[in-house]
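Presented below is the structure to which this report refers.
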Amino acid sequence: MKTLSKIDFYFFANILFVLVFLFIPSKNFSQIQKIEKFLDGVKITDIKNDAKDIWVSTEGNGIFRYIFWKKKWINFSTSNRRLKQNFFYCIETSPRYIWAGSANGLYIYDKKRYKWKKKTFSKGGQYGNWIRALEYDKKNKTLWIGRFKFLSKYNLRRRKYYDYNLTVDNNDKTNSIKSLYLDGDSLLWIGTEAGLHKFNMKGNLKKKSGLSFFDNNNDFFNNEGEQVSISSMLTEQNNIWYGTNEFVTNDNPEFNVGGLYKFNREIDWTKFDEHNGLPGNGILDLELAGNYIWVAVYKFNPEKKFEIGKGIAIINRVSNSIILVKESEIPNNVNALHFDGTNMWVGTNNGIFKIPLSNNIVADFNKK
């Protein structure tokens, strides 16, 4: 009988390892695809990366930076005197700068000078300095700033800020920005507490040219609710996904009905909510990874008037099927999602979780 050479032995051993790895039962998934937790006890509000590091904004603990090659977290907060603010709502990155939005202004970190500085806005009063959304346009070297009152733009080349009043029909909530999303290289979607602005960036915002407004009239958002509050957005192929807030009370059960909407840019609106598989109607964040939309879900209590976290749902963007993530390690209060190309980062009320997506994690969750 022919005996195996050393090379043959290692070849067949590797094949055996791969077969075992692929067909091992899903109950052992957490041992192979280890979900890592960081920043225990910290409430995460937003997550971004700058191609090298992960940047995280928090409610009460300042800003964190995760350096991949060192596997090390660095904190900027009042506790170490690296920052004069601890409460942040959003964060955005660029090759040179990091921007973080707070309730009293925009904080800017210069990575070359290792320094933070603060920018406040005179227009809009106190609420005008509540920064709730940030979106960086790397092509045009522009930062879009969504404020509780007014939209602002910072031109990095000219080092100049511009403010815009987007109010429609004297409704202040149409000028209260909640989310921003760049769609290709020509469109900016601006989500507000009472509808959605679409801006063609070839136009002029001062003159409101290139600007359109959509609310829950004229068949948009299925004509549902008294108004629609846009919490998050993303695009894939020919579709736009809009996450909306749920805010209903016993006295006003139709105010913000919530839900996730998939719009084909023409006429068709597909809605996902409690009626077809989501664990709640409120949407806090969306993220795209391959064929799947990851959704951070909550349910609003109409009596006590607060949000109840309902974890993560994963939607197949082709079949529209819904998978609920039932992972005991991850809390239900999920505030932010970010895919770095390899890992899904999940920001919660109690820390941040890194989920490797190198294998078919969705199939594994479906088997649990």
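For the sequence shown, my numbering gives the first residue as 29, with consecutive numbering after it.
Just so you know, even glycine gets a beta-carbon here, dropped at the ideal spot from N, CA and C.
All of these numbers come straight from a predicted model, not from anything done at the bench.
Under the three-state reduction of DSSP output, D213 falls in the coil class, being neither helix nor strand.
A Cβ-Cβ contact shorter than 7 Å links S257 with N284. Beta-bridge annotation (DSSP): G271 is paired with S260, L288. Around E221, the same chain offers K201, S204, K206, S257 as residues with beta carbons nearer than 7 Å, after the five sequence neighbours per side are excluded. Between the alpha carbons of K98 and Y135 lies a gap of roughly 25 Å. Closest by C-alpha distance to W158, out of I336, N319, K181, T148, is T148. Between T86 and K65, the beta carbon gap of about 15 Å keeps them out of contact (Cβ cut-off 8 Å).
For R175, the enclosing beta strand (DSSP E) stretches over residues 170-175.
Shown here, T202 sits in a helix according to DSSP, grouped into three states.
H225 is classed as buried because its beta carbon has at least 16 other beta carbons within 10 Å across all chains shown. The closest CA to that of W269, considering only D313, K112, G375, V276, is found on D313. S207 carries a strand assignment under DSSP once its states are collapsed to helix, strand and coil. Of the residues assessed, V374 falls on the buried side of the cut-off, its CB having 16 or more other CB atoms within 10 angstroms. In the displayed model, F283 falls within coil according to three-state DSSP, outside both helix and strand. Judged by their CB atoms, K181 and T170 are nearer to each other than the 7 Å cut-off.
Around the beta carbon of K140, fewer than 16 other beta carbons sit within 10 angstroms, so the residue counts as exposed.
Note: L224 is bridge-paired with G219, F242 in the DSSP secondary-structure output. In the structure shown, the three-state DSSP call for Y182 is strand. The beta-carbon separation of G129 and F116, rounded to 6 Å, stays under the 8 Å limit for a contact. Shown here for R93: same chain residues with a beta carbon closer than 6 Å to its own, the five before and five after excluded, namely D81, W83, I102 in chain order. When C-alpha distances from T376 are compared across I383, N250, L365, the shortest belongs to L365. Between the beta-carbon of L210 and that of D165 there is about 6 Å, and that keeps the pair under the 8 Å contact cut. In this structure, DSSP gives S107 a helical state, which the three-state scheme calls helix. Shown here, G375 sits in a strand according to DSSP, grouped into three states.
Looking from the CA of G339, the closest CA among L215, S347, V323, W297 belongs to V323. In this structure, N278 lies near P330, with their beta-carbon atoms less than 7 Å apart.
Here the alpha carbon of L239 sits roughly 24 Å from the alpha carbon of G253. Counting along the chain, H303 sits inside no beta strand (DSSP E), nor does DSSP assign it H or E at all. The distance from the Cβ of R345 to that of E264 is about 6 Å, consistent with a contact at the 8 Å cut-off. Here E282 is exposed: its Cβ has fewer than 16 other Cβ atoms, across all protein chains shown, within 10 Å. The C-beta distance from Y192 to L233 rounds to 5 Å, short enough to fall under 8 Å. For F249, the secondary structure class from DSSP, reduced to helix, strand or coil, is helix.
Beyond the five residues adjoining it in sequence on each side, A341 comes within less than 6 Å, by CB distance, of L306, V323, V325, I350, L352 in the same chain, given in chain order. For K167, the number of other beta carbons within 10 angstroms of its own is below 16, and it is reported as exposed. In the DSSP annotation of this structure, the continuous segment of the beta strand (DSSP E) that includes Y189 starts and ends at 188-192. With contacts defined by Cβ atoms closer than 7 Å, F381 and F328 do not form a contacting pair.
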